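**Student:** Take a look at this one; I'll ask things after.
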Amino acid sequence: MPSPIGSRLAPPRNKHARSVSAPPPPACYGNSLDAMTASVVDISLRIESACDLRPAQKGLKSNPLVEVALVLADESTHRLHRIMAGTELRVQRKRKGSRALAQTTISPIGSPTSTDNATDPAAFLPSAELNTTKPLKSNVVRHSLNPIWNFDVDFGEVSTDKIVGVNVVVRHIAKLGVVKKDLGQVTLSIRELMDLKTSPPYQQSYQLQPTEAMLLKLQEECVGGVERSRDFGKITIKFNNYGVSQSTPARYEYMTGTSLSDSALSTSSNGSNVSVGSIGSSGSIAHEDDFNKSMKNVLTKDPRNELKALAACHTNKPKPGEVWYAISASWIEAWARHMADNASKTTHPGEIRNMSLVSDDLVNGTFQLKQNLLIKHDFRLVNQATWDYYSGEYGGGPAVIVQVPTNIQSVSTWMKDLKLHRYGRVGTTYE
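Pasting the structure below:
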């Protein structure tokens, strides 16, 4: 492991909430150690609830949401380990009427000391800002100090060479998001995550720690320094075992900065603020119309493989002379729900049901398409490769073949008023 976090063995951890003034409890022996030393691990969490949060609105209530992000491995994480352990926490401040900087050190026992002319800039908290991926955000729970989110986040398989943990931040939101105030955070190392994954009941409550913004604010308010013993509440986190691949883990590469690469996918069960890396050149999956835009935010079953396969099939627009295929919009929507539900068996879309596009009237013994069918409302268009994938994976049919005419000036205009019964025909393919 390149990071010092989780690099050494320690005695078995206490199963109770982590102490504010003591180092984070170390991981236990056994399966968690095996998981921790793997080059790729699965991370799927549920942020269940928080309790005893500090009021941020009129001193009575808060409107808390939770943000979850992966912590990228870089130099800041080395300092983070000591800060989160409570062995050292310093805030840089400027004395009134003086250019000199004073440094307040908050010791684990809560007795701050002041040292003039600090010579170790790396010890200041601002240098320990975390480099994280773009956070995933839950819904806001209004007027509560004990919110229940049940916010599921599935990061899938991540490389321990590039990811050293997960950062969970609780924030108060007001005035349509204009007002934001940190309420606390907890940062779990890979070591702690794997311990959580392998230790029933697979959930634990953690004491919230102050964020950098909170520490700086508290430093201004407290004449004698920040009180380490302040209680910021607790947050309960569960490791989800659903959707975790049992096959040989694939390796994923991460982009620098705050975003994941195309292969790193994240999701939430309530569908809010989900991030899936850009798929294809335009971020769409396999559908020509605006359905792409909603599907960018949907994670498939552990079928990252399915999204990758569809992304490989994707082309932006039909071209004159090409053959495309129509698929029932209701089936596509059922497929999307199935993907959003982490490929649950209860939401499986079943076979492709294109008979909803077919008229009951036969002409010379052949199927005919219904008239007045509307694109997006009744059907979606996909290219040949995408149809081959869907029909091969799910079966059903029949194939509805659409020939793009060559004598049109604009494909977009043609699609807008597409008459499926005029340009499409029912094929013989029915799996």
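The C-terminal residue of the sequence shown carries number 441 in this note's numbering, and the numbering is unbroken. Glycine included, each C-beta is placed from N, C-alpha and C at the ideal position. As the structure is a computational prediction, the values presented were derived from the model and not from experiment.
(1) Identify whether Thr170 lies in helix, strand or coil by the three-state DSSP scheme.
(2) What's the gap between the Cα of Ile245 and the Cα of Ser59?
(3) Should the stretch 382-400 be regarded as contacting the stretch 318-328, the criterion being three or more beta carbon pairs within less than 8 Å?
(4) Find out if the Cβ-Cβ distance for the pair Val151, Pro157 is shorter than 8 Å.
(5) So what does Ile53 bridge to, in DSSP terms?
(6) Mind checking which residues open and close the alpha helix (DSSP H) that includes Lys426?
(7) Helix, strand or coil for Glu58? Go by DSSP, reduced to three states.
(8) Going by DSSP, what residue range makes up the beta strand (DSSP E) through Ile247?
(9) Are the stretch 331-349 and the stretch 359-369 touching by the rule of at least three beta carbon pairs closer than 8 Å?
(10) Just mark Pro330 as buried or exposed, buried being the case when its beta carbon has 16 or more other beta carbons within 10 Å.
(11) Taking the alpha-carbon of Leu430 as reference, which of Ile418, Tyr400, Val414 has the nearest alpha-carbon?
(12) Is it buried or exposed for Asn364, if we count other Cβ within 10 angstroms and need 16 for buried?
(13) Between the beta-carbon of Arg181 and the beta-carbon of Lys190, is there less than 8 Å?
(14) How big is the Cα-Cα spacing for Ile380 and Ser148?
(15) Given a cut-off of 8 Å, decide if Gly175 and Leu146 are closer than it, judged by their beta-carbon atoms.
(16) Just the Cα atoms here: how many angstroms apart are Asn160 and Val78?
(17) On a Cα-Cα basis, can you pick out the residue from Gly243, Pro65, Gly434, Ser215 that is closest to Val333?
(18) When you compare each of Asn382, Ser72, Thr376, Ile57 to Tyr216 by their alpha carbons, which one comes out closest?
(19) Return the bridge partner residues of Asp192 from the DSSP annotation.
(20) Would you call Ser422 buried or exposed, if buried means 16 or more other Cβ atoms sit within 10 Å of its Cβ?
(21) Have a look at Gly243, Ile337, Ala350 and flag the residue whose alpha-carbon is nearest the alpha-carbon of Ser72.
(22) What number of angstroms, rounded off, separates the C-alpha of Gln4 from the C-alpha of Glu202?
(23) Based on the DSSP output, what are the partners of Ser72 in its beta bridges?
(24) Taking all protein chains shown into account, do 16 or more other C-beta atoms lie within 10 angstroms of the C-beta of Gln419, making it buried, or fewer, making it exposed?
(25) Check each candidate in Ile183, Pro211, Pro220 and name the one with the smallest Cα separation from Ala66.
(26) On a Cα-Cα basis, can you pick out the residue from Ile53, Leu75, Pro74, Leu63 that is closest to Val81?
(27) Tell me which residues share the same chain as Ile385 and place their Cβ nearer than 6 Å to its Cβ, disregarding the 5 neighbours each side in the sequence.
(28) Assign Val241 to buried or exposed, taking buried as 16 or more other Cβ atoms, counted over all protein chains shown, within 10 Å of its Cβ.
(29) In terms of alpha-carbon separation, which member of Ala336, His387, Arg64 lies closest to Arg432?
(30) Looking at the structure shown, is Pro390 part of a helix, part of a strand, or coil, going by DSSP?
(31) What's the C-alpha gap between Asn374 and Val51?
(32) Using only the alpha-carbon positions, how far apart do Val168 and Ala339 sit?
(33) Enumerate in chain order the residues of its own chain whose CB-to-CB distance from Thr221 is below 6 Å, with the five nearest sequence positions on each side excluded.
(34) Hey, would you say Leu55 sits closer than 8 Å to Phe249, going by beta carbons?
(35) Just to confirm, are Leu63 and Leu155 a CB contact at a threshold of 8 Å?
(36) Let's see if you can read the secondary structure: which residues bound the beta strand (DSSP E) around Arg435?
**Tutor:** Taking the definition as stated:
(1) Within the sequence shown, numbered from 1, the residue matching residue 170 stands at position 160. DSSP places Thr170 in coil when its eight states are reduced to three.
(2) Residue 245 sits at position 235 when you count from the first residue of the sequence shown. Residue 59 sits at position 49 when you count from the first residue of the sequence shown. When rounded, the distance between both Cα atoms is 6 Å.
(3) yes
(4) Working through the sequence shown from its first residue, we reach residue 151 at position 141. Working through the sequence shown from its first residue, we reach residue 157 at position 147. In this structure, Pro157 lies closer than 8 Å to Val151 by Cβ.
(5) Locating residue 53 in the sequence shown gives position 43, where the first residue counts as 1. DSSP lists Gly166 as partners of Ile53.
(6) One-based indexing of the sequence shown puts residue 426 at position 416. From DSSP, the alpha helix (DSSP H) with Lys426 extends over 421-426.
(7) Locating residue 58 in the sequence shown gives position 48, counting from the first residue. Strand.
(8) Residue 247 sits at position 237 when you count from the first residue of the sequence shown. That run of the beta strand (DSSP E) goes 244-249.
(9) yes
(10) Residue mapping note: residue 330 aligns to position 320 of the sequence shown, counting from 1. Looking at its Cβ environment, which holds fewer than 16 other Cβ atoms inside 10 Å, Pro330 is exposed.
(11) Within the sequence shown, residue 430 is the residue found at index 420, counting from 1. Looking only at Ile418, Tyr400, Val414, the smallest Cα-Cα distance to Leu430 is reached by Val414.
(12) Residue mapping note: residue 364 aligns to position 354 of the sequence shown, counting from 1. Classification for Asn364: buried.
(13) For the purposes of this step, residue 181 is taken as residue 171 along the sequence shown, with counting starting at 1. For the purposes of this step, residue 190 is taken as residue 180 along the sequence shown, with counting starting at 1. Yes.
(14) Residue 380 sits at position 370 when you count from the first residue of the sequence shown. Residue 148 sits at position 138 when you count from the first residue of the sequence shown. Per the sequence presented here, residue 380 reads as Lys, with Ile not at that position. Taking the straight line joining both Cα atoms gives about 43 Å.
(15) Reading the sequence shown from its first residue, position 136 is the one you call residue 146. Reading the sequence shown from its first residue, position 165 is the one you call residue 175. Going by C-beta atoms, Leu146 is not nearer than 8 Å to Gly175.
(16) Counted from its first residue, the sequence shown places residue 160 at position 150. Counted from its first residue, the sequence shown places residue 78 at position 68. Rounded to whole angstroms, Asn160 to Val78 spans 13 Å at the Cα level.
(17) Along the sequence shown, one-based indexing puts residue 333 at 323. Looking at the Cα atoms, Gly434 is the closest of the given residues.
(18) Here residue 216 refers to the residue found at position 206 of the sequence shown. With distances taken between Cα atoms, Tyr216 lies closest to Ile57.
(19) As a first step, residue 192 must be located in the sequence shown, where it is residue number 182. Beta-bridge pairing links Asp192 to Arg181.
(20) Along the sequence shown, one-based indexing puts residue 422 at 412. Under this definition Ser422 is an exposed residue.
(21) Start at 1 with the first residue of the sequence shown, and residue 72 comes out as number 62. Answer by Cα proximity: Gly243.
(22) The question about residue 4 has no answer, for the chain in this structure spans 11 to 441.
(23) Within the sequence shown, numbered from 1, the residue matching residue 72 stands at position 62. Partner(s): none; Ser72 has no beta bridge.
(24) The count along the sequence shown starts at 1 and reaches residue 419 at position 409. Gln419 should be labelled exposed.
(25) For this step, residue 66 is matched to residue 56 along the sequence shown. Of the listed residues, the one whose Cα sits closest to Ala66 is Ile183.
(26) Looking up residue 81 in the sequence shown gives position 71. Of the listed residues, the one whose Cα sits closest to Val81 is Ile53.
(27) Taking the sequence shown and counting its residues from 1, the one referred to as residue 385 is at position 375. The residues are Leu428.
(28) By 1-based counting over the sequence shown, the position of residue 241 is 231. For the record, residue 241 in the displayed sequence is Asp; it is not Val. Exposed, since its Cβ has fewer than 16 Cβ neighbours within 10 Å.
(29) The residue you call residue 432 lines up with position 422 of the sequence shown. The option with the nearest alpha carbon to Arg432 is Ala336.
(30) Translated into the one-based positions of the sequence shown, residue 390 becomes position 380. Sequence inspection shows Arg at residue 390; the Pro mentioned does not correspond to that position. In this structure, Arg390 counts as strand in the three-state DSSP scheme.
(31) By 1-based counting over the sequence shown, the position of residue 374 is 364. By 1-based counting over the sequence shown, the position of residue 51 is 41. Straight-line Cα distance between these residues: approximately 59 Å.
(32) Stepping through the sequence shown from its first residue, residue 168 is reached at position 158. Stepping through the sequence shown from its first residue, residue 339 is reached at position 329. Going from the Cα of Val168 to the Cα of Ala339 covers about 34 Å.
(33) One-based indexing of the sequence shown puts residue 221 at position 211. Answer for Thr221: Asp192, Gln195, listed in chain order.
(34) Numbered from its first residue, the sequence shown carries residue 55 at position 45. Numbered from its first residue, the sequence shown carries residue 249 at position 239. In this structure, Phe249 lies closer than 8 Å to Leu55 by Cβ.
(35) Against the sequence shown, residue 63 aligns to sequence position 53. Against the sequence shown, residue 155 aligns to sequence position 145. Taking 8 Å as the Cβ cut-off, Leu63 and Leu155 qualify as a contacting pair.
(36) By 1-based counting over the sequence shown, the position of residue 435 is 425. Here the beta strand (DSSP E) through Arg435 covers 434-436.
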